[in-house]
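Trainee:
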Amino acid sequence: MALLGIQFVITLVVALFLQKLSPYYSFARWIMCSRLYRYLHPSNELLRATAGKPINQGGKGKRKKADKINGTQSQEEIFTVPCNMDIVLGKVEVNEMALVSQYKYTDYKWLVDFSVCAVIVYLLIEMAASLRPQIFVDEFNVGIVWCMLVVYFALRELFSLTAAYWRSEDGGERAMAISFGFFFLVVALGVLVVDEEILDFGLNDGYKHFAQNLETFYKAMDFSIDRAPSVWAFKIFLAIFSALVGAVLGFPGIRYANMHLDSVYYYERGNFGRLGLVFLNVVFFSPLLMSLLWVLPLSRELMYFRKGNTVEKLLSNENFLFLRVHLMIFIILARLLVTRQLLQSHLDSARQKVDKFKMETGRVSNRDLQRTVARVFYYLSAAALQYLAPLLLMLFLGFMLRSLTYNLEDLKDIPSILNGKKPSDDKQLYAKLIRSLMSVKLAKGVTSFLCWWTNVTFFMTSCFGVVYFKYLS
Numbered sequence: 000m001a002l003l004g005i006q007f008v009i010t011l012v013v014a015l016f017l018q019k020l021s022p023y024y025s026f027a028r029w030i031m032c033s034r035l036y037r038y039l040h041p042s043n044e045l046l047r048a049t050a051g052k053p054i055n056q057g058g059k060g061k062r063k064k065a066d067k068i069n070g071t072q073s074q075e076e077i078f079t080v081p082c083n084m085d086i087v088l089g090k091v092e093v094n095e096m097a098l099v100s101q102y103k104y105t106d107y108k109w110l111v112d113f114s115v116c117a118v119i120v121y122l123l124i125e126m127a128a129s130l131r132p133q134i135f136v137d138e139f140n141v142g143i144v145w146c147m148l149v150v151y152f153a154l155r156e157l158f159s160l161t162a163a164y165w166r167s168e169d170g171g172e173r174a175m176a177i178s179f180g181f182f183f184l185v186v187a188l189g190v191l192v193v194d195e196e197i198l199d200f201g202l203n204d205g206y207k208h209f210a211q212n213l214e215t216f217y218k219a220m221d222f223s224i225d226r227a228p229s230v231w232a233f234k235i236f237l238a239i240f241s242a243l244v245g246a247v248l249g250f251p252g253i254r255y256a257n258m259h260l261d262s263v264y265y266y267e268r269g270n271f272g273r274l275g276l277v278f279l280n281v282v283f284f285s286p287l288l289m290s291l292l293w294v295l296p297l298s299r300e301l302m303y304f305r306k307g308n309t310v311e312k313l314l315s316n317e318n319f320l321f322l323r324v325h326l327m328i329f330i331i332l333a334r335l336l337v338t339r340q341l342l343q344s345h346l347d348s349a350r351q352k353v354d355k356f357k358m359e360t361g362r363v364s365n366r367d368l369q370r371t372v373a374r375v376f377y378y379l380s381a382a383a384l385q386y387l388a389p390l391l392l393m394l395f396l397g398f399m400l401r402s403l404t405y406n407l408e409d410l411k412d413i414p415s416i417l418n419g420k421k422p423s424d425d426k427q428l429y430a431k432l433i434r435s436l437m438s439v440k441l442a443k444g445v446t447s448f449l450c451w452w453t454n455v456t457f458f459m460t461s462c463f464g465v466v467y468f469k470y471l472s
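In terms of numbering that gives the first Met the number 0, the sequence shown has 339 at position 340, counting the first letter as 1, and numbering is strictly consecutive.
#1: Could you name the residues of the same chain whose beta carbon sits closer than 6 Å to that of L292, not counting the 5 residues immediately before and after it, in chain order?
#2: Going by beta carbon distance, what residues of the same chain come within less than 7 Å of F250, once the five residues before and after it are set aside?
#3: Using three-state DSSP, classify E311 as helix, strand or coil.
#4: Less than 7 Å between the beta carbons of D106 and E172, yes or no?
#5: For a minimum of 3 consecutive residues, which ranges assigned as the beta strand (DSSP E) are wholly contained in the region 76-157?
#6: Terminal residues of the continuous beta strand (DSSP E) containing V363?
#7: Can you tell me which of F113, F179, E76, V294 puts its alpha carbon nearest to the alpha carbon of G201?
#8: Would you kindly report the start and end of the unbroken alpha helix (DSSP H) that includes R334?
#9: Suppose you measure from the CA of Q101 to the CA of W109; what does that come to, to the nearest Å?
#10: V193 to V186, Cα distance in whole Å?
#11: What would DSSP say about K64, mapped onto helix, strand or coil?
#12: For V93 versus L35, is the C-beta spacing smaller than 7 Å?
#13: Might you give, ordered along the chain, the residues of its own chain that have their beta carbon closer than 7 Å to the beta carbon of L287, omitting 5 neighbours on each side?
#14: I need the DSSP call for Y38, collapsed to helix, strand or coil.
#15: Between F284 and S447, what straight-line distance do the alpha-carbon atoms span, to the nearest angstrom?
#16: What did DSSP end up calling V294 once you bin it into helix, strand or coil?
#17: Looking at the strands, I want to know which residues DSSP matches up with L279.
#18: Using DSSP's beta-bridge definition, name the partner residues of F304.
#19: From P41 to C32, what does the alpha carbon distance come to, in whole angstroms?
#20: Could you tell me how far apart the beta carbons of N454 and M289 are, in whole angstroms, since I believe they sit closer than 8 Å?
#21: Within 8 Å, do at least three Cβ pairs link the region 368-375 to the region 347-354?
#22: Under the three-state reduction of DSSP, which class applies to L248: helix, strand or coil?
#23: Enumerate in chain order the residues of its own chain whose CB-to-CB distance from T71 is below 6 Å, with the five nearest sequence positions on each side excluded.
#24: Can you have a look at Q133 and say buried or exposed, based on whether 16 or more other CB atoms are within 10 angstroms of its CB?
#25: What distance in whole Å lies between the Cβ atoms of V439 and L403, which are believed to be in contact at a cut-off of 8 Å?
#26: Does the distance from the CB of I330 to the CB of G397 come in under 7 Å?
#27: For V80 and R362, which I take to be in contact (beta-carbon distance under 8 Å), what is that distance rounded to the nearest angstrom?
#28: How many Å lie between F135 and A128 at the Cα?
#29: Quick test of your reading: R443 and G205, contact by CB under 8 Å. State the CB separation rounded to the nearest angstrom.
#30: Which residue wins for smallest C-alpha separation from A227, given the options K234, T215, I177?
#31: Beta-carbon separation of L320 and V150 under 7 Å?
#32: Contact check, V337 vs V282 under 8 Å by CB: the rounded distance?
#33: What do you get for V190, buried or exposed, if any count of 16 or more other CB atoms within 10 angstroms of its CB means buried?
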């Protein structure tokens, strides 16, 4: 199997081209800096004038002009204004100069641009494979490597975001992360116990194939161990990893729920059309519908059609697998389409927070009011990363599942590879034995489970966020 070939050429050319293009055009920058508008927090002068207080005339010149533009104050003065005061907030378009200093903006931009590069490479490799199907037999599948890299970087960013909550002074976020972890550990163990006649992951068949090759490998190498580890030991480790993934998807799911509710709120005020609301709700509940395709008793109803006493098959197993994989990818792409609308709703929530002050009695300090408005914008990059990182994780897991389903096959079993020879006599034979242990069936089963798991956990945490913000907050 060749390592260098047309896939390597495609990877090299696209990577170099996008590296040269990135200073001039960035997809991540376009998402954030193309017709997204933010509210400026009110200056001290505006608050004093609105409250009917005398305005401090000191600090004239360039400093005063800069403070007026940026909405800041040169003197650290604190005063109070009535909560029910009518405040007019300025609105400006988001630009990259204001984003550079934000928390997680660099990580957000790098992850999104790298993912775009990976998508282009993956699609070009798939196009080359459609023209020359022998490509995946003669060469190593580089598209899988790009998908694995994006999955790794997305998980790294999710763990980094969760670690920021973990290090916060408030212990509530830490307790919530632990609660999510233990809850999803119990759920993962329960799911993995369910028979695969109900949940179609292919883990049992994949691990059985891996265990058979491993036992034969032990015998060929004259190892004393003659039995592979139990499938339950493998499932316990998989459940622990799944619990960690569920824990890091907890806060992103809550953030997505908050942005979704904000979007619905602005629809009710007439900012979006009715079709926009329908699309938002369909996108929100689509993971639930997609996850049901892994439930065999329900999916069989789609594959068969009853007509009187006869049963006709509508879809073959191959067509159903094709539908399931590509429908999952399509749903994730649809969720990516509402990214800018959700981010704009997040920015518009600053106006909503100020309006909530009007329903309160008493007074509020200028500093608290300004921080309430400014905090919304300065958390924009982290909010975008919390929404996009899980979607990129699910999208590239879907690409991996597609490649493992259609583009990769296991090598011959170990007995047919050995053919009566000893591995110690032939280094190439030894390399083939090691390669045969990497079971594509097992990798496909694990990837299928992770595709289903990430969609379900992100949906569950989003539903928890909706219930919390709508009824408990």
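Cβ atoms here follow ideal geometry from the backbone N, Cα and C, with glycine treated the same way.
Mentor: Let me spell this out:
#1: Once the five neighbours on either side are set aside, the close Cβ partners of L292 are S298, R323.
#2: L160, T161, Y164, Q385.
#3: In the structure shown, E311 sits in a strand (DSSP, three-state: E or B).
#4: Taking C-beta atoms as the reference points, D106 and E172 fail to come closer than 7 Å.
#5: If only uninterrupted beta strand (DSSP E) runs of at least 3 residues are considered, those enclosed by the region 76-157 are 79-81, 90-92.
#6: Counted as a single uninterrupted DSSP element, the beta strand (DSSP E) harbouring V363 occupies residues 362-364.
#7: Distance from the Cα of G201 is smallest, within the candidate group F113, F179, E76, V294, for V294.
#8: Run containing R334: 316-336, per the alpha helix (DSSP H) assignment.
#9: So the two alpha carbons sit approximately 14 Å from each other.
#10: Taking the straight line joining both Cα atoms gives about 11 Å.
#11: Because K64 sits at a pLDDT of 48, beneath the cut-off of 50, its placement in the model cannot be relied upon, and the point is left open.
#12: Yes, Cβ-Cβ distance for V93 and L35 is below 7 Å.
#13: Result list for L287: F458, in chain order.
#14: The answer is strand: DSSP assigns Y38 an E or B state.
#15: Looking at the two C-alpha atoms, the distance is approximately 20 Å.
#16: Taken through DSSP and simplified to helix, strand or coil, V294 comes out as strand.
#17: Per DSSP, L279 has no beta-bridge partner at all.
#18: DSSP lists E311 as partners of F304.
#19: C-alpha separation (whole angstroms): 22 Å.
#20: Taking C-beta atoms under 8 Å as the contact rule, N454 and M289 qualify, at a distance of about 6 Å.
#21: The region 347-354 and the region 368-375 touch, with no fewer than 3 CB-CB distances between them shorter than 8 Å.
#22: Per DSSP, reduced to three states, the secondary structure at L248 is coil, with no helix or strand assignment.
#23: Confidence in T71 is poor, its pLDDT being 48 and thus under 50, which makes the residue's placement too unreliable to answer from.
#24: When all chains shown are included, Q133 counts as exposed.
#25: The pair is a contact, with the Cβ atoms about 6 Å apart (cut-off 8 Å).
#26: No, Cβ-Cβ distance for I330 and G397 is not below 7 Å.
#27: Taking a contact as a CB-CB distance under 8 Å, the pair V80 and R362 counts as one, their CB atoms being some 6 Å apart.
#28: Approximately 7 Å, taken between the alpha carbons.
#29: According to the sequence shown, residue 443 is Lys rather than Arg. G205 and K443 do touch by the CB rule: their CB atoms are close to 6 Å apart, below 8 Å.
#30: Nearest in C-alpha terms to A227, of all of K234, T215, I177, is T215.
#31: Taking 7 Å as the Cβ cut-off, L320 and V150 do not qualify as a contacting pair.
#32: In this structure V337 is in contact with V282, their Cβ atoms being roughly 6 Å apart against a cut-off of 8 Å.
#33: A buried status is given to V190, since no fewer than 16 other beta-carbon atoms sit within 10 Å of its beta-carbon.
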